Amino acid sequence: MKPSVILYKTLPDDLLQRLEEHFSVTQVKNLRPETVSQHAEAFAQAEGLLGSSEKVDAALLEKMPKLRATSTVSVGYDNFDVEALNARRVLLMHTPTVLTETVADTVMALVLSTARRVVEVAERVKAGEWTKSIGPDWFGTDVHHKTLGIVGMGRIGMALAQRAHFGFGMPILYNARRQHPQAEERFNARYCDLDTLLQEADFVCLILPLSEETHHLFGQAQFAKMKSSAIFINAGRGPVVDEQALIAALQNGEIPRCRSRCVRTRTAGQGLTAAEPAERRRAAAYRLRHP
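Under my numbering, the first residue of the sequence shown is numbered 192, with each subsequent residue one higher.
Now the structure itself:
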């Protein structure tokens with residue numbers, strides 16, 4: 192008899208077929224209590240759990256007494272109650288390397304598009320504002336040879352440093368729990384404390400997992416230490432940035448431009464967009480200016 196598995200994420204047909212060759216698969220849309228109740232027997236018999244973007248907590252584990260392993264189709268695993276899993280000796284697996292290059296590409300794209308105001312200029316063109324030669328307010332700023340500060344020199348940080356150093360001649364500053372000799376040798380990166388990085392970098396890229404140590408690591412105090420022209424890109428988990436501090440900074444004009452992946456509430460979303468000009472909205476990037 193095949194082991195039973197709960198699948199709470201849609202998979203491509205070929206992957207689903209491979210999974211079904213080895214397991215008895217029950218597919219569900221989510222892990223909400225009503226869904227678990229609807230499939231109570233399947234959850235009670237399941238030895239495996241596979242998916243992403245849903246909370247796996249002690250209450251759910253109580254419904255799955257036979258669970259032996261769970262796997263998330265993501266790098267981050269902050270949706271899982273690791274302590275509860277350990278208590279039940281349930282194995283937790285994730286996919287830490289599959290998106291390294293893709294995320295680094297995306298972060299570099301955000302650096303370029305934010306610096307060169309690509310989204311804003313496209314919106315202005317669509318609005319019919321390009322009727323004559325453009326002025327300096329359309330130009331944005333250079334990326335080449337500007338200083339890049341990377342907070343979190345892990346796999347993605349290294350991949351980003353490679354693109355920035357070899358592709359754009361950018362000096363690299365980095366802050367991490369420990370020095371990274373390979374980054375220093377390959378990219379001439381300079382290790383420094385966070386305050387120094389914030390004060391010197393033209394671009395600050397935050398690439399950190401969520402933990403007790405990193406929760407709300409970036410708040411108003413950190414924004415205030417950046418250059419008035421600095422661009423901040425959060426490529427890590429949303430709650431690493433203090434959302435309320437960000438909203439307050441937007442409302443009092445300390446941060447004139449923002450569109451962020453770290454918005455977690457409806458109110459916060461309104462705070463970022465309501466009554467704000469288009470240039471304040473950027474995808475996963477903050478352009479920080481202070482009076």
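Just so it is clear, CB atoms sit at the ideal spot from N, CA and C, and this is done for glycine as well.
Every value quoted in this text rests on a predicted model; they were computed, and no experiment measured them.
Burial state of residue i, where buried means 16 or more other Cβ atoms lie within 10 Å
{"i": "Arg308", "result": "buried"}
{"i": "Ala136", "result": "Any property of residue 136 remains undetermined from this structure, which presents the chain solely from 192 to 482."}
{"i": "Lys337", "result": "buried"}
{"i": "Leu206", "result": "exposed"}
{"i": "Asp384", "result": "exposed"}
{"i": "Pro468", "result": "With a pLDDT of 37 at Pro468, under the threshold of 50, the modelled position of that residue is not reliable, and no figure is offered here."}
{"i": "Phe234", "result": "buried"}
{"i": "Ala476", "result": "Because the pLDDT at Ala476 is just 38, under 50, the model does not fix this residue reliably, and the value given afterwards should be weighed accordingly. Per the 10 Å Cβ criterion, buried."}
{"i": "Met192", "result": "exposed"}
{"i": "Gly348", "result": "buried"}
{"i": "Ala306", "result": "buried"}
{"i": "Gly427", "result": "buried"}
{"i": "Met284", "result": "exposed"}
{"i": "Arg354", "result": "buried"}
{"i": "Asp328", "result": "exposed"}
{"i": "Ala318", "result": "exposed"}
{"i": "Val316", "result": "exposed"}
Residues near residue i in its chain [Cβ-Cβ closer than 8 Å; skip 5 each side]
{"i": "Val196", "result": "Leu210, Phe214, Ser215, Val216, Thr217, Ala237, Glu238, Gly239, Leu240 and Leu241"}
Contacts around residue i, its chain only, beta-carbon distance under 7 Å, and the 5 residues preceding and following it disregarded
{"i": "Leu290", "result": "Val266"}
{"i": "Pro256", "result": "Ala235"}
{"i": "Gly410", "result": "Asp433 and Ala436"}
Chain-order list of residues whose beta-carbon lies under 6 Å from that of residue i (same chain, five-residue window excluded)
{"i": "Glu274", "result": "none"}
{"i": "Pro362", "result": "Thr338"}
{"i": "Gln548", "result": "Only positions 192 to 482 of the chain appear in this structure, which leaves residue 548 out of reach."}
{"i": "Gln208", "result": "none"}
Where the alpha helix (DSSP H) through residue i begins and ends
{"i": "Val312", "result": "Val309 to Lys317"}
{"i": "Ser262", "result": "First-last for Ser262: Ala260 to Thr263, but that is the beta strand (DSSP E), not the alpha helix (DSSP H)."}
{"i": "Val302", "result": "Thr291 to Ala306"}
{"i": "Ile347", "result": "Arg346 to Gln353"}
Sheet register partners of residue i (DSSP bridge)
{"i": "Cys383", "result": "DSSP lists no partner for Cys383."}
{"i": "Tyr365", "result": "Ile341 and Tyr382"}
{"i": "Met284", "result": "Ser262"}
{"i": "Ile197", "result": "Thr217 and Leu240"}
{"i": "Thr432", "result": "According to the sequence displayed, residue 432 carries Val and not Thr. The partner list for Val432 (beta bridge, DSSP) reads Phe409."}
Query raised in the report: What residue ranges within the segment 217–278 form continuous beta strand (DSSP E) runs of no fewer than 3 residues, ordered along the chain?
Result: 239–242 and 260–263
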